[in-house]
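All letters in the sequence shown, in the order written, are residues 0 to 187 by numbering that gives the first Met the number 0. Where a beta carbon is used, it is the ideal one built from N, C-alpha and C, also for glycine. The structure presented is a predicted model; accordingly, all values stated were derived computationally and were not measured. Here is the structure we will look at, set down as structure tokens.
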Amino acid sequence: MPEIPLRPGALRTAAGRLSRLTGLGVEIIGGTLILAPPRRGKHAGTVERLRARLDAGLPDGFAAYQCSSLGMPGDQDDYATPDLVALPVDWDGDERRFADPHEAALAVEVVPRSKGARDVTVKSDWYAAAGVRALLVLDPRDGTWTLRTDPCDGAYLGTVRGKYGEPVVPAAPLPEGLRTDGLPLYTG
Numbered sequence: 000m001p002e003i004p005l006r007p008g009a010l011r012t013a014a015g016r017l018s019r020l021t022g023l024g025v026e027i028i029g030g031t032l033i034l035a036p037p038r039r040g041k042h043a044g045t046v047e048r049l050r051a052r053l054d055a056g057l058p059d060g061f062a063a064y065q066c067s068s069l070g071m072p073g074d075q076d077d078y079a080t081p082d083l084v085a086l087p088v089d090w091d092g093d094e095r096r097f098a099d100p101h102e103a104a105l106a107v108e109v110v111p112r113s114k115g116a117r118d119v120t121v122k123s124d125w126y127a128a129a130g131v132r133a134l135l136v137l138d139p140r141d142g143t144w145t146l147r148t149d150p151c152d153g154a155y156l157g158t159v160r161g162k163y164g165e166p167v168v169p170a171a172p173l174p175e176g177l178r179t180d181g182l183p184l185y186t187g
């Protein structure tokens with residue numbers, strides 16, 4: 000594999016080259032390049048089912064988006080791409096590379112089968128530091144969800160946990176009682 004220089008201010012360029020070379024998604028979380036395999040099967044199914052439910056309940060002016068990245072304020076080389084993000088519909092016509100995390104009403108991460116708790120914690124801290132109002136983490140390994148709210152000083156102050164089948168009750172402008180029934184579970 001060709002050498003990719005990693006110097007400050009060039010991480011985004013390196014991430015783009017790495018993505019083209021490997022075909023994997025790349026994020027820059029806290030100055031570290033994170034590679035992610037394409038979403039498939041139950042992971043993709045979870046995202047799609049939740050997107051449809053979010054779109055049906057979001058108020059006018061908001062929509063759920065896949066494949067949209069959020070940039071860390073003040074750092075052009077730091078960004079994350081949640082599995083799903085609720086943004087103002089103006090995002091449809093926006094030409095910026097990254098959405099403003101302060102405009103995100105909710106970021107959603109589905110825990111991949113191969114990821115551990117550390118990876119989820121690192122991303123949770125990133126979203127809080129970026130100022131994303133709420134983060135919903137769905138875990139198909141055990142059928143649980145965690146909603147984190149009220150970002151402050153790089154951490155979320157509020158945490159609510161539940162099991163698939165129990166509705167998530169996020170803060171406005173998100174829909175009341177976001178359904179989690181029927182979401183896929185990993186086997187084995």
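Measure the C-alpha to C-alpha separation of residue i and residue j and round it to an integer number of angstroms.
| i | j | result |
| --- | --- | --- |
| residue 103 | residue 20 | 30 Å |
| residue 31 | residue 155 | 21 Å |
| residue 184 | residue 137 | 10 Å |
| residue 50 | residue 147 | 18 Å |
| residue 56 | residue 176 | 9 Å |
| residue 145 | residue 109 | 11 Å |
| residue 65 | residue 90 | 12 Å |
| residue 162 | residue 143 | 4 Å |
Quick check: residue i and residue j, are their CB atoms within less than 9 Å of each other?
| i | j | result |
| --- | --- | --- |
| residue 173 | residue 53 | yes |
| residue 79 | residue 129 | yes |
Tell me the DSSP secondary structure of residue i in three-state form.
| i | result |
| --- | --- |
| residue 152 | coil |
| residue 175 | coil |
| residue 78 | strand |
| residue 0 | Summary for residue 0: the model assigns pLDDT 38, below 50, so the residue's position carries little reliability; its value from the coordinates is reported in the next sentence. Here residue 0 sits in coil by DSSP. |
Residue i bridges to which residues according to DSSP?
| i | result |
| --- | --- |
| residue 144 | 137, 161 |
| residue 108 | 136 |
| residue 98 | 69 |
Among the options, which one has its Cα closest to the Cα of residue i?
| i | options | result |
| --- | --- | --- |
| residue 111 | 10, 15, 16, 44 | 44 |
| residue 71 | 46, 99, 123 | 99 |
| residue 97 | 76, 105, 107 | 76 |
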